[in-house]
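Novice:
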Amino acid sequence: MEDFFELVLNRESCRSYKGEPVKKEDLIKCIETARLAPSACNGQPWKFVIVTNDKIIEECVKLTQPFTKNAGAFIIIVEEKPSFQTKIVNKFKEQDYTQVDIGIVTSHICLAATELGMSTCMLGWFNEKKIKELLNISVSKRVRLVISVGYATNQEVKPKKRKDLSQILTFVE
Ligand SMILES: Cc1cc2nc3c(=O)[nH]c(=O)nc-3n(C[C@H](O)[C@H](O)[C@H](O)COP(=O)(O)O)c2cc1C
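Just so we're aligned: 194 in this note's numbering is position 157 of the sequence shown, and the numbers increase by one with no gaps anywhere.
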């Protein structure tokens with residue numbers, strides 16, 4: 038098992054995949070970590086659709102971004118209606134914790150995939166309407182993010198471009 042800090046460094050967005058199939062059991066392990074993710078009021082407002090069928094993958098490539106060509110799988114994150122409790126909290130606090138929850142669960146999945154030697158890219162740019170039609174997801178649901186999963190052509194981790202700690206951190210001591 039990798040050290041967590043190393044795992045965080047190793048996760049990066051993959052924009053070139055080798056075309057090797059990914060193992061179903063590894064994808065299930067990723068969703069198992071999603072299942073354990075925290076969420077507001079423990080509402081777990083998510084469902085996952087995993088595409089490993091070659092023909093449907095081709096369609097997903099067309100409905101997302103061309104670099105996903107050769108991905109071994111797509112994970113579609115479907116936002117479920119927030120629980121009654123979360124709805125109340127969202128309303129009174131003027132927040133959308135449901136989308137926060139989706140972000141957290143997506144992170145769990147991508148880190149788990151990295152731990153298992155796979156590469157991912159979180160995709161916010163995709164044709165939501167057509168993805169829902171393709172995968173028989175109800176029009177009333179929102180697909181917030183799609184994750185492409187596969188094996189990277191280049192395993193070398195790129196340096197991270199990030200703001201300096203001093204730009205993002207305030208200590209109140
Ligand atoms: C909510 C969200 C949506 C994103 N959408 C896309 C996308 O549509 N296409 C893409 O190439 N990368 C997308 N990314 C990946 C980011 O560009 C990437 O995480 C960021 O540049 C940092 O790079 P890294 O993931 O390699 O560390 C998205 C990331 C997040 C968190």
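A virtual CB, placed ideally from N, CA and C, is assigned to each residue, including glycine.
May I have all residues whose beta carbon comes closer than 5 Å to any heavy atom of ligand 1, sorted in chain order?
Specialist: Counting every residue whose Cβ lies closer than 5 Å to a heavy atom of ligand 1, we get Glu49, Ser50, Met159, Leu160, Gly161 and Trp162.
Novice: Please classify Leu44: does DSSP put it in a helix, a strand, or coil?
Specialist: It is helical.
Novice: What do you reckon, are the CB atoms on Leu73 and Thr151 nearer than 7 Å?
Specialist: Contact flag unset, no.
Novice: Ile125 to Lys178, Cα distance in whole Å?
Specialist: Cα to Cα, Ile125 sits roughly 20 Å from Lys178.
Novice: Please tell me whether Glu59 and Met159 are closer than 7 Å, where the distance is taken between their beta carbons.
Specialist: Correcting the residue type first, residue 59 is Val in the shown sequence and not Glu. No.
Novice: By alpha-carbon positions, which one of Ser76, Leu202, Ile168 and Phe111 ends up nearest to Thr157?
Specialist: Nearest of Ser76, Leu202, Ile168 and Phe111 to Thr157, Cα basis: Phe111.
Novice: Output needed for Val98: all residues of its chain with C-beta closer than 7 Å, excluding positions within five of it in sequence on either side, in chain order.
Specialist: The answer, listed in chain order, is Thr105 and Lys106.
Novice: Specify the secondary structure class of Leu206 as computed by DSSP and reduced to three states.
Specialist: Here Leu206 sits in coil by DSSP.
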